[in-house]
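K.L.:
Got a structure for you, questions after.
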Amino acid sequence: MSILLGILTFILILISVALVLLVLMQKAKNDGGAGAVLGGGMTESTFGADTGNVLSKTTINATIAFFVLSFLLYLGHLYQNRHSDASGGVGLPTIEAEASAAEAAVSAEAESANVLLPNLAAPAASAAEPTGEAAAGEGN
Numbered sequence: 371m372s373i374l375l376g377i378l379t380f381i382l383i384l385i386s387v388a389l390v391l392l393v394l395m396q397k398a399k400n401d402g403g404a405g406a407v408l409g410g411g412m413t414e415s416t417f418g419a420d421t422g423n424v425l426s427k428t429t430i431n432a433t434i435a436f437f438v439l440s441f442l443l444y445l446g447h448l449y450q451n452r453h454s455d456a457s458g459g460v461g462l463p464t465i466e467a468e469a470s471a472a473e474a475a476v477s478a479e480a481e482s483a484n485v486l487l488p489n490l491a492a493p494a495a496s497a498a499e500p501t502g503e504a505a506a507g508e509g510n
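Residue numbers (my numbering): 371 to 510.
If you want it as structure tokens, here you go:
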């Protein structure tokens, strides 16, 4: 499916470039502007006296192809995203790890990088509480 979407995207880019060139080649109603720069008068010798109709029809057909192809690409991407999520094929992998293993990995990385991390374990006796020896020494 992704190869088809890539090919259709390439065709869409080609149609886009062709559409821009077709619009710029058309002769303006006042015979000036970008149509004259890109050979608006020269297209009559190429396509004959009916140049306006040929370029107009080609522009309309290219515009229809552009919108149809854009919509098909949109639907193709929706289809690809929905089916990749349901089957679990192309989506992002999920990694399951125990909390203790994750903590050990983080602390090992921190030690190797010399980074100080807060202690994640349960706090020991706090320094504000006097221990038994310190409390006994204060009474003398």
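Ideal placement from N, C-alpha and C gives every residue a C-beta, glycine not left out.
1) Compute the Euclidean distance between the alpha carbons of leucine 384 and asparagine 451, then round it to the nearest angstrom.
2) To the nearest angstrom, how far is the alpha carbon of leucine 382 from that of alanine 398?
3) In three-state DSSP terms, what is lysine 397?
4) For the region 438 to 454 against the region 389 to 398, do three or more pairs of beta-carbon atoms, one drawn from each stretch, fall closer than 8 angstroms, so that the two count as touching?
5) Which value, in whole angstroms, describes the spacing of the CA atoms of isoleucine 430 and threonine 379?
6) Using the C-alpha atoms, what's the distance from histidine 453 back to threonine 428?
7) Beta carbon of leucine 375, beta carbon of glycine 446: below 9 angstroms?
8) Under 8 angstroms Cβ to Cβ from phenylalanine 436, same chain only, skipping five residues before and after it: list those, please.
9) Leaving aside the five residues before and after glycine 422 along the sequence, list all residues of the same chain whose C-beta is less than 8 angstroms from its C-beta, in chain order.
10) Isoleucine 465 by DSSP, collapsed to three states: which one?
11) Would leucine 448 be called buried (16 or more neighbouring beta carbons within 10 Å of its own) or exposed?
P.N.:
The relevant details are as follows:
1) Indexing the sequence shown from 1 puts residue 384 at position 14. Indexing the sequence shown from 1 puts residue 451 at position 81. A direct Cα-to-Cα measurement between leucine 384 and asparagine 451 gives close to 25 angstroms.
2) Here residue 382 refers to the residue found at position 12 of the sequence shown. Here residue 398 refers to the residue found at position 28 of the sequence shown. Distance between the alpha carbons of leucine 382 and alanine 398 is about 26 angstroms.
3) On the sequence shown, residue 397 is found 27 positions in, with the first residue counted as 1. Looking at lysine 397 - three-state DSSP - the assignment turns out to be coil, as it is neither helix nor strand.
4) With a cut-off of 8 angstroms, the region 389 to 398 and the region 438 to 454 do not count as touching, because too few Cβ pairs lie within range.
5) Taking the first residue of the sequence shown as position 1, residue 430 is located at position 60. Taking the first residue of the sequence shown as position 1, residue 379 is located at position 9. For isoleucine 430 and threonine 379, the distance between alpha carbons rounds to 20 angstroms.
6) As a working note, residue 428 is residue 58 in the sequence shown. As a working note, residue 453 is residue 83 in the sequence shown. Between the alpha carbons of threonine 428 and histidine 453 lies a distance of about 37 angstroms.
7) Mapped onto the sequence shown, residue 375 falls at position 5. Mapped onto the sequence shown, residue 446 falls at position 76. The answer is yes: Cβ separation under 9 angstroms.
8) The residue given as residue 436 occupies position 66 in the sequence shown. Hits under 8 angstroms: Leu382, Ile385, Ser386 and Leu389.
9) Within the sequence shown, numbered from 1, the residue matching residue 422 stands at position 52. Gln396 and Lys397.
10) As a first step, residue 465 must be located in the sequence shown, where it is residue number 95. Under the three-state reduction of DSSP output, isoleucine 465 falls in the coil class, being neither helix nor strand.
11) Within the sequence shown, numbered from 1, the residue matching residue 448 stands at position 78. Of the other Cβ atoms in all chains shown, fewer than 16 fall within 10 Å of the Cβ of leucine 448; this residue is therefore exposed.
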